[in-house]
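The next block holds one structure in the form of structure tokens; read it before the comments.
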Amino acid sequence: MRFKIILFSTLLGFLAACGEAESEKPKAPLSEQQLKFEIYDSLVVDYLGNLLLMDISPDGENHLMIDQNTDTIFVTNPQGEIKHQYYRNGDDPEAIPGNRSGLGKFLDNQTILIPGSQGMASYELAGNLKEIFKPDFRGMANLVVPFNEVHEVVGEKVFFYLPGRYSDLGQQGLDFQKASKRLEVLDLNTREFSSVIPFPKSSKFSSETQEFGGLDFYPTFKILGDSLYMVYRNEPKIFTYHLSNLETPASVKTIPYPEFIERKTDSKPANGGFNFRDFFLGFNLSIFPTETGDFLLQYLSGLTDEEANEVTSAAGTDFDKMFEDAEKYNGGGFVLFDGSQLSPIIEKPEILGNLNNYVSKDEIWFSLNFSEAENDYSVIYKTRLVNQ
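So this is what it looks like as structure tokens:
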């Protein structure tokens, strides 16, 4: 079916006029609020593909996108007109080092940083290679999520999820849990890498008796101001660090998910890999610290052992069917967390696909849900978080 873009400009004046009166109303507790992603604008690109918005330049003049089907990179203006289009994977001498391991970001208005499994590359807007940054170890990851954010830039430092420094300890196991660190920090002045953030004592992954799998402790992190916020995929906690001390968290908050299936303590993970059961545990998928001090989280609750067995047995070797069937049982979605209370699942219009870029509660970008629409152009939707 074809989807026609609805213009929202006639509503904006009305919504602005109502904003002051609405803000004066006393708010219900977060646990009782009914929140929604409200579409109020869109960016249309004359390109037939599945575009994802990776980043917006600091001056707002350029949008960095990628086609999720072909890995082609695009730079557009704010009106969606394509300024540059190029591909930087493979054997090209200007290619990203290793496989692309995450989303690209602007270093400044004229420079793009793109992470790879063997280091990081900087490019001009037009795609010309500026510099390759490689550590003194070989990158080694047992899980790559190329459409995740795996690096953050703070001044002249790049915080980067780049496994491999502790390869002598393997990719998991008790020795790895005791001695390894989670992130690399690239100093853009010295070009040197250093490791930070060991498993904190308040995390189950610091256990010296219980072994966990690499998928369990895959980290997702964001930096806002002078704080770094980290979650691990199979642990319902937020670890907050001050950038001046990345050895010990300044605070730890337990997320009160109504259901979150964790690995059983008597369940040993596959050695250096995964089994299908691992993919149906509870997952923290993303974390966005907001400008108002709370967190926008996306999670999956996971499946019970019985549900997981039913799904894997019915699907056999049909992986697509396996994950489709799992959706019948897998709860979760987007929620807001204020440090103590959790909102109900935030309503998301069906036309919205994945959350691409969070700027503020008034500017949250989503890609198109291609299962709900077929277009001969690409659309990125601009939404805001509202109380219904």
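Residues 1223 to 1610 in the numbering used here are what the sequence shown lists, from first letter to last.
For glycine and all other residues, C-beta sits at the position ideal for the given N, C-alpha and C.
The structure presented is a predicted model; accordingly, all values stated were derived computationally and were not measured.
Exercise for the section: May I ask which residues mark the beginning and end of the alpha helix (DSSP H) holding M1544? Expected result: Stepping through the sequence shown from its first residue, residue 1544 is reached at position 322. From DSSP, the alpha helix (DSSP H) with M1544 extends over 1541-1548.
Problem - DSSP beta-bridge partners of S1473 - result: Counted from its first residue, the sequence shown places residue 1473 at position 251. S1473 is bridged to T1462.
Problem - Nearest-angstrom Cα separation, counted from Q1301 out to T1526 - result: Here residue 1526 refers to the residue found at position 304 of the sequence shown. Here residue 1301 refers to the residue found at position 79 of the sequence shown. Between T1526 and Q1301, the C-alpha separation is close to 46 Å.
Handout entry: For S1425 and D1547, the rounded distance between their alpha carbons
Key = For the purposes of this step, residue 1547 is taken as residue 325 along the sequence shown, with counting starting at 1. For the purposes of this step, residue 1425 is taken as residue 203 along the sequence shown, with counting starting at 1. Using only the alpha carbons, I get a separation of about 31 Å.
Exercise for the section: Indicate whether I1483 and G1504 have their beta-carbon atoms separated by less than 8 Å. Expected result: On the sequence shown, position 261 is the one that residue 1483 refers to. On the sequence shown, position 282 is the one that residue 1504 refers to. For I1483 and G1504, yes; Cβs fall inside 8 Å.
Practice task
Name the two residues that bound the continuous alpha helix (DSSP H) containing V1372.
Solution key: Along the sequence shown, read from residue 1 onward, the residue named residue 1372 stands at position 150. Here V1372 belongs to no alpha helix (DSSP H), and DSSP marks it neither H nor E.
Practice task
Out of N1531, Y1599, N1506, D1540, state which residue places its alpha-carbon closest to the alpha-carbon of F1559.
Solution key: Counting from 1 along the sequence shown, the entry for residue 1559 is found at position 337. Closest by alpha carbon: N1506.
Problem - Assigned exposure category for S1600 - 16 Cβ within 10 Å defines buried - result: Counting from one through the sequence shown, the residue named residue 1600 turns up at place 378. Looking at its Cβ environment, which holds 16 or more other Cβ atoms inside 10 Å, S1600 is buried.
Problem - Proximal residues to Q1256 (C-beta, below 6 Å), its chain only, five neighbours per side dropped - result: Translated into positions along the sequence shown, residue 1256 becomes position 34. Counting only Cβ-Cβ distances below 6 Å, and skipping sequence neighbours, we find Q1610.
Problem - CB of G1349 within 8 Å of CB of R1310, strictly - result: In the sequence shown, counting from the first residue as 1, residue 1349 sits at position 127. In the sequence shown, counting from the first residue as 1, residue 1310 sits at position 88. The answer is yes: Cβ separation under 8 Å.
Handout entry: Cβ-based neighbour list, D1448, same chain, cut-off 8 Å, excluding 5 preceding and 5 following
Key = To locate residue 1448, count along the sequence shown from 1; it is residue 226. Excluding positions up to five away in sequence, the list reads H1464, L1465, S1466.
Exercise for the section: Just confirm the distance between the C-beta atoms of L1468 and L1450, as a whole number of angstroms; I'd bet it's less than 8 Å. Expected result: Locating residue 1468 in the sequence shown gives position 246, counting from the first residue. Locating residue 1450 in the sequence shown gives position 228, counting from the first residue. Right, the Cβ-Cβ distance comes to about 7 Å (below 8 Å), so this counts as a contact.
Problem - Three-state secondary structure (DSSP) of I1411 - result: Sequence index remark: in the sequence shown, residue 1411 carries index 189 (1-based). A small fix is needed here, since residue 1411 is Asn in this sequence, not Ile. Coil, per DSSP.
Practice task
Reducing DSSP to helix, strand and coil, say where V1366 ends up.
Solution key: To locate residue 1366, count along the sequence shown from 1; it is residue 144. Coil.
Problem - 8 Å contact criterion, which F1434 and R1485 should meet: CB distance rounded - result: Within the sequence shown, residue 1434 is the residue found at index 212, counting from 1. Within the sequence shown, residue 1485 is the residue found at index 263, counting from 1. So it is a contact: roughly 6 Å between Cβ atoms.
Problem - Cβ-Cβ distance between L1270 and H1285 below 8 Å - result: Residue numbering aside, residue 1270 sits at position 48 when the sequence shown is read from its first letter. Residue numbering aside, residue 1285 sits at position 63 when the sequence shown is read from its first letter. No, the pair does not count as a contact, with Cβ atoms beyond the cut-off.
Practice task
Would you kindly work out how many angstroms separate the C-alpha atoms of P1478 and N1291, rounded to a whole number?
Solution key: Start at 1 with the first residue of the sequence shown, and residue 1478 comes out as number 256. Start at 1 with the first residue of the sequence shown, and residue 1291 comes out as number 69. Going from the Cα of P1478 to the Cα of N1291 covers about 36 Å.
Exercise for the section: Please name the residue, chosen from V1297, Q1393, E1374, that lies closest to E1406 on a Cα-to-Cα basis. Expected result: As a first step, residue 1406 must be located in the sequence shown, where it is residue number 184. Considering only alpha carbons, the answer is E1374.
Exercise for the section: Keeping to the same chain, check which residues put their C-beta closer than 6 Å to that of N1597; ignore five residues upstream and five downstream. Expected result: In the sequence shown, residue 1597 corresponds to position 375, counting from 1. Excluding residues within five positions, none has a Cβ falling inside 6 Å.
Exercise for the section: Give the DSSP-derived three-state secondary structure of Q1255 in the structure shown. Expected result: As a working mapping, residue 1255 is identified with position 33 in the sequence shown. Correct three-state label for Q1255: coil.
Handout entry: Own chain, CB closer than 7 Å to L1237, minus 5 neighbours either side, in chain order
Key = Position 15 of the sequence shown, counting from 1, holds the residue named residue 1237. For L1237, the predicted model reports a pLDDT of 37, less than 50, meaning its position is unreliable; a value from the coordinates is still stated below. Cβ neighbours of L1237 beyond the five flanking positions: none.
Practice task
Only counting runs of 3 or more residues, tell me where the beta strand (DSSP E) segments fall wholly within the segment 1402-1457, in order along the chain.
Solution key: 1403-1409, 1415-1420, 1441-1446, 1449-1454
Exercise for the section: Could you have a look at Y1269 and say whether DSSP puts it in helix, strand or coil? Expected result: Within the sequence shown, numbered from 1, the residue matching residue 1269 stands at position 47. Coil.
Exercise for the section: Mark E1260 as exposed unless 16 or more other C-beta atoms lie within 10 angstroms of its C-beta, in which case mark it buried. Expected result: Counting from one through the sequence shown, the residue named residue 1260 turns up at place 38. Buried is the call here.
Exercise for the section: Can you give me the Cβ contacts of G1395 inside the same chain, cut-off strictly under 7 Å, excluding the 5 residues immediately before and after it? Expected result: On the sequence shown, position 173 is the one that residue 1395 refers to. Excluding residues up to 5 positions away in sequence, E1433 lie with their Cβ nearer than 7 Å to the Cβ of G1395 in the same chain.
Exercise for the section: Could you say which of D1281, V1557, K1583, Y1454 lies nearest to E1254 if we only look at CA atoms? Expected result: Within the sequence shown, residue 1254 is the residue found at index 32, counting from 1. Here the closest residue by C-alpha is V1557.
Handout entry: Simplified DSSP assignment, three categories, for D1390
Key = Walking along the sequence shown from the start, residue 1390 turns up at place 168. Three-state DSSP puts D1390 in a helix.
Exercise for the section: Report all residues from its chain with a CB closer than 8 Å to the CB of E1283; omit the five preceding and five following residues, and keep chain order. Expected result: What you label residue 1283 is simply residue 61 of the sequence shown in a count that begins at 1. These residues qualify, in order along the chain: N1299, P1300, N1331.
Exercise for the section: Please report how far the alpha carbon of L1408 lies from the alpha carbon of L1335, in whole angstroms. Expected result: On the sequence shown, residue 1408 is found 186 positions in, with the first residue counted as 1. On the sequence shown, residue 1335 is found 113 positions in, with the first residue counted as 1. Approximately 12 Å between the Cα atoms of the pair.
Handout entry: Limits of the unbroken beta strand (DSSP E) element including T1164
Key = Outside the displayed range of the chain (1223 to 1610) lies residue 1164, so it cannot be described from this structure.
Exercise for the section: Grab the span of the alpha helix (DSSP H) containing E1353 for me, first residue to last. Expected result: Mapped onto the sequence shown, residue 1353 falls at position 131. Run containing E1353: none in the alpha helix (DSSP H); it sits in the beta strand (DSSP E), 1351-1355.
Exercise for the section: Kindly provide the ranges of any beta strand (DSSP E) runs that are 3 or more residues long and lie completely inside the segment 1276-1331, ordered along the chain. Expected result: 1285-1289, 1295-1298, 1304-1308, 1327-1330
Problem - Segment limits, alpha helix (DSSP H) that includes T1605 - result: The sequence position of residue 1605 within the sequence shown is 383, counting from 1. No alpha helix (DSSP H) holds T1605; the beta strand (DSSP E) holding it covers 1600-1609.
Practice task
Could you check if A1343 is buried or exposed, using at least 16 other CB atoms within 10 Å of its CB as the buried criterion?
Solution key: Locating residue 1343 in the sequence shown gives position 121, where the first residue counts as 1. Counting C-beta atoms within 10 angstroms of its own C-beta, A1343 has 16 or more neighbours from the protein chains shown and is therefore classed as buried.
Handout entry: Short Cβ contact (8 Å threshold) for N1497 with G1524
Key = In the sequence shown, the residue the question calls residue 1497 occupies position 275. In the sequence shown, the residue the question calls residue 1524 occupies position 302. It is not a contact, given that the beta carbons lie outside the stated cut-off.
Practice task
Use the C-beta contact count for V1376: other C-beta atoms within 10 angstroms, 16 or more gives buried, fewer gives exposed.
Solution key: Reading the sequence shown from its first residue, position 154 is the one you call residue 1376. Exposed: under 16 other Cβ atoms inside 10 Å.
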